[in-house]
Amino acid sequence: MHVQKHFGKQGILLVNLGTPDAPTPVAVNRYLGQFLTDPRVIDNLPYPVQQGLVRGIIAPIRSGIVNPFKAGGSTKLYQELWTENGSPLKYYGEILTDAVAEQMGDEFVVRLAMRYQNPSIESALKELMDEGVSSITIFPLFPQYASATTGSVHEEVMRLLMKEQNIPNVNFVNSYYEHPDLIKVFADNARDLGSLDQWDHIIFSYHGLPQRQLKKADPSNCHCYADGTNSCCNSISKVNQFCYSAQCAATTRAIVEELGLEEGSYTTCFQSRLGFDDWAKPYTIDVIEDLAKNKGAKKVLCFSPAFVADCLETTIEIGLEYQEEFEEWGGEHIQLVPSLNGDPRWINAVVEMLREETGVAIAR
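As structure tokens, this is what we get:
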């Protein structure tokens with residue numbers, strides 16, 4: 001097989017989910033409108049119904065755009081999340097991008113994009129194409145694959161590139177849910193907090209997905225939740241290799257092995273569910289309630305291995321909302337394992353994975 005030579009630089013596109021441009025009703029409404037009208041996110045409504053529901057009701061109410069003098073629920077949360085550097089997701093994404101570019105060297109052009117809002121995938125791809133790159137590696141900042149995240153990023157990239165007359169070589173990174181370097185950073189962040197014996201229980205909380213989306217990812221139509229549970233996630237096979245829940249379970253197993261945790265000392269669970277449909281179980285909030293009310297747990301350590309940077313789901317949902325609930329139920333403290341953010345160990349892990357993907361030696 002003849003391998004094409006790289007006459008130009010190679011492009012790398014790091015992509016995260018997205019963030020409003022500002023913690024204001026107008027910006028949050030714009031973000032929610034784009035995010036929640038993605039057919040891969042809300043996949044059970046006809047497109048016209050989805051558009052009308054999201055843009056006419058959900059986004060305006062949650063953002064407070066219907067009353068710009070009174071922030072909606074989502075806008076209030078973003079105002080709590082915002083820092084002097086702006087959105088943590090974007091800020092740490094920029095730090096990661098600059099550091100990766102420096103380590104990868106002059107043969108690469110590295111750009112950051114958000115699936116929703118700015119910097120957009122379209123603008124980042126244009127910059128790469130204007131540089132005349134001979135290849136583009138798409139690296140979603142989601143360790144586990146899901147149609148609503150990585151799948152959506154890949155679809156958007158393909159939609160935009162199909163308009164180009166000249167399309168360079170494109171490499172899509174699917175997932176890296178148990179990459180040794182990634183696992184070690186998460187484990188080390190927990191070790192940095194002191195002895196693991198100080199915690200009554202350890203939870204691994206991942207962003208949830210509707211069970212219908214997990215089932216749609218099952219090509220056999222008889223595997224995922226076939227027995228009413230997600231017991232099929234206990235191992236990765238040909239059938240469930242792209243299953244989000246199975247990959248989350250694999251991430252947990254890898255961190256558990258790295259830390260040497262005992263069976264029964266930890267639980268994998270899922271947060272951030274919306275609507276009335278069944279989502280991946282168990283729900284994090286139910287696990288926390290049971291630990292406090294029935295198990296007498298006072299101190300809980302919480303990993304969030306689906307997120308690589310501080311965001312609403314980690315800083316606010318776990319760090320503030322779940323903490324308040326835990327205290328009301330008799331618990332004392334939920335300690336969130338620090339996110340990867342701009343940690344040099346995480347940056348090195350990304351660089352190592354990109355080295356593996358591009359097959360090019362890196363000048364260090």
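Under the UniProt record's numbering, the first residue of the sequence shown is numbered 1, with each subsequent residue one higher. Note that beta-carbon positions come from the ideal geometry of N, C-alpha and C, so glycine has one too. Predicted model only: the values in this text are computed from it and were never measured.
CB of residue i within 7 Å of CB of residue j, strictly
i      : j      : result
Ser147 : Arg40  : yes
Phe204 : Phe307 : no
Ile138 : Leu301 : no
Pro25  : Ser63  : yes
Asn341 : Ala292 : no
Arg115 : Ser152 : yes
Ile65  : Asn29  : yes
Leu160 : Leu125 : yes
Ala254 : Glu356 : no
Leu214 : Ser237 : no
Asp277 : Pro210 : yes
Lys299 : Asp200 : yes
Phe172 : His154 : yes
Ser272 : Gly208 : yes
Tyr145 : Phe242 : yes
Cys269 : Val287 : yes
Tyr206 : Cys248 : yes
Thr251 : Pro305 : yes
Glu84  : Ile316 : no
Gln117 : Tyr47  : no
Pro119 : Trp82  : no
Ile220 : Val239 : Correcting the residue identity first, residue 220 is Ser in this sequence and not Ile. Their beta carbons are under 7 Å apart, which means Ser220 touches Val239 by this criterion.
Supposed close pair residue i, residue j - CB separation, criterion 8 Å
i           : j      : result
Leu128      : Gly11  : 4 Å
Val15       : Ile121 : 7 Å
residue 369 : Leu193 : No statement about residue 369 is possible, as the shown extent of the chain runs from 1 to 364 and does not include it.
Pro168      : Tyr78  : Wrong, their Cβ atoms sit about 36 Å apart, outside the cutoff.
Val54       : Gly33  : 6 Å
Val133      : Val109 : 6 Å
Gln50       : Ile61  : Between Ile61 and Gln50 the Cβ distance is about 16 Å, and since that is not below 8 Å, they are no contact.
residue 376 : Asp188 : Not covered by the structure: residue 376. The range shown for the chain is 1 to 364.
Thr149      : Leu17  : 6 Å
Leu259      : Leu196 : 6 Å
Leu354      : Val100 : 7 Å
Glu257      : Ile285 : That pair is no contact at about 27 Å.
Leu13       : Ile136 : 6 Å
Identity of the residues DSSP links to residue i by a beta bridge
i      : result
Phe270 : Tyr206, Tyr283
Gly11  : Val109, Ile136
Lys299 : His333
Gly18  : Tyr116
Val170 : Ile136
Any C-beta of chain D under 7 Å from that of residue i
i    : result
Lys9 : Here chain D cannot be found, since the structure has a single protein chain.
Go through the segment 172–209 residue by residue and report every complete run of the alpha helix (DSSP H) that reaches 4 residues or more, in order.
-> 180–191
What runs of the alpha helix (DSSP H), each 4 residues or longer, lie entirely inside the segment 58–126?
-> 59–63, 73–81, 88–104
Take every Cβ of the segment 165–183, pair it with every Cβ of the segment 342–356, and state whether three or more of those distances are shorter than 8 Å.
-> yes
Can you give, in chain order, each stretch of the alpha helix (DSSP H) that sits fully within the segment 303–358 and has at least 4 residues?
-> 323–328, 344–358
Identify every run of the beta strand (DSSP E) within the segment 231–271, keeping only runs that are complete inside it and at least 3 residues long; order them along the chain.
-> 266–271
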